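Heads up: the sequence shown begins at 105 in our numbering, then just goes up one per residue.
To keep things clear, I will list the structure first and then write my remarks on it.
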Amino acid sequence: MCVQSESNAEVRRKRRMKRKRRKKIIKILLLLFLIILAIIFGFVLFLRKGEQKPYTIGLDAGHGGEDVGAIGYIEEVELTEKTADFLQELLEKDGRFKVVRSRKNGEDIGITKRKEILLKQKPDLILSIHGNSDPTGTARGFECYPSPPGRYNHEISYYFAVCIAESMAELGNHLRGENGVRYAYYVTDQNGNTQKAIKEISDTMVYAQQSFGMVENLKCPSVLVEQCFVTNQQDVEQFGNETGCKLAASAYYKAICKYLGIKEISSNI
105 MCVQSESNAE
115 VRRKRRMKRK
125 RRKKIIKILL
135 LLFLIILAII
145 FGFVLFLRKG
155 EQKPYTIGLD
165 AGHGGEDVGA
175 IGYIEEVELT
185 EKTADFLQEL
195 LEKDGRFKVV
205 RSRKNGEDIG
215 ITKRKEILLK
225 QKPDLILSIH
235 GNSDPTGTAR
245 GFECYPSPPG
255 RYNHEISYYF
265 AVCIAESMAE
275 LGNHLRGENG
285 VRYAYYVTDQ
295 NGNTQKAIKE
305 ISDTMVYAQQ
315 SFGMVENLKC
325 PSVLVEQCFV
335 TNQQDVEQFG
345 NETGCKLAAS
355 AYYKAICKYL
365 GIKEISSNI
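Set out below in structure tokens:
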């Protein structure tokens, strides 16, 4: 009787050990499964990240070659090319952007051809960089011009312009007009002379007159910026010299990231 009782106890003990081993094996297999699943998931994310196409940014440095643009304390083309160079450096350092330039530094190419060069690359957005001028030398500050009301890309261009103006304001640049965003049109008078007419953003009327060439007839957001007045010494010292062009480039980079809804990666140059 005693032997049989011990035998039954041994059987129960062996069964308990088997169940424990089985549970341990199941836990190990489950852990291995989770590890393999995590590896596969990470690999898929890596592949997707690798497949992510870069954003194509069209940069237009205004004027060029013999056309130096406005002349003041500096030539306008000096400002446009330096700023475009610094912005390209920031975007390429970021790694998520492909930069397309409308022309090489020193080239004199008309607006129609420059625009054609950019559009062939199907950009996600276009930024045209310019400097302003004033015969009195007293005007100063920043303003930018998105595609105006009635255009296909007006709303997206307007939002991009707001992002740019806000970034420039954060650097202390004076915003002209209504928060630095305006519309421009070329108007022909009764004598056949063409003049530039400026409208504030509160004027949402659709005008038939053409705006700047780089913001007309586009599907992507497009904005022309007047970075500062090359005829104003204070403006040039803040946003027209090499340091100022770097600051402006950093503001444009920040605005591009904000518009696209992505975080900034590149630090200042």
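For each residue, glycine too, the CB sits at the ideal point set by N, CA and C.
Quick caveat, the model's predicted, so the values are computed rather than measured.
- The continuous beta strand (DSSP E) containing H234 extends over residues 229 to 236.
- E320 is positioned such that its CB atom lies closer than 8 Å to that of S251.
- R286 is the residue among K362, R286, M309 whose C-alpha sits nearest the C-alpha of I302.
- CA-to-CA, the gap between S371 and A312 works out to about 42 Å.
- Residue range 180 to 198 is occupied by the alpha helix (DSSP H) that includes V181.
- Beyond the five residues adjoining it in sequence on each side, S261 comes within less than 7 Å, by CB distance, of P250, S251, V319, P325, S326, V327 in the same chain, given in chain order.
- For the segment 311 to 351, the full-length beta strand (DSSP E) segments reaching 3 residues or more read 326 to 333 along the chain.
- In the DSSP assignment, D171 is bridged to G168.
- Judged by their CB atoms, S271 and A165 are not nearer to each other than the 8 Å cut-off.
- In this chain, the alpha helix (DSSP H) harbouring I268 covers 258 to 274.
- Bridge pairing for A301: Y289 [DSSP].
- Distance between D307 and G284, taken at the CA atoms: about 14 Å.
- Counted as a single uninterrupted DSSP element, the beta strand (DSSP E) harbouring R205 occupies residues 201 to 205.
- Checking the DSSP bridge columns, you'll see P253 has no partner listed.
- In chain order, K323 place their CB closer than 7 Å to the CB of Y256, counting only its own chain and leaving out the 5 sequence neighbours on each side.
- Assignment of T216 by DSSP, reduced to helix, strand and coil, places it in the helix class.
- The beta-carbon distance between V334 and G169, rounded to whole angstroms, is 17 Å. This is too long to meet the 8 Å contact definition.
- Here the C-alpha atom of E282 lies approximately 29 Å from the C-alpha atom of S206.
- Residue environment analysis places V310 among the exposed positions, since fewer than 16 neighbouring C-beta atoms fall within 10 angstroms of its C-beta.
- Considering only H167, R126, N336, L191, the residue with the shortest C-alpha distance to E180 is H167.
- The DSSP-derived three-state label of I369 is coil.
- Annotation for D238: F333, T335 place their beta carbon closer than 6 Å to its own, counting only its chain and skipping 5 residues before and after.
- Taking 8 Å as the cut-off, the Cβ atoms of F201 and C349 do not count as close.
- For G162, the pairing in a beta bridge is given by DSSP as V204, I230.
- Scanning its chain for C-beta atoms nearer than 8 Å, with the 5 sequence neighbours on each side dropped, one finds around Q192 the residues L163, V203, R205, in chain order.
- E114 sits in a helix when the DSSP states are folded into three classes.
- Our two residues, I360 and Q225, have alpha carbons roughly 18 Å apart in a direct line.
- Less than 8 Å separates the beta-carbon of Y159 from that of L364.
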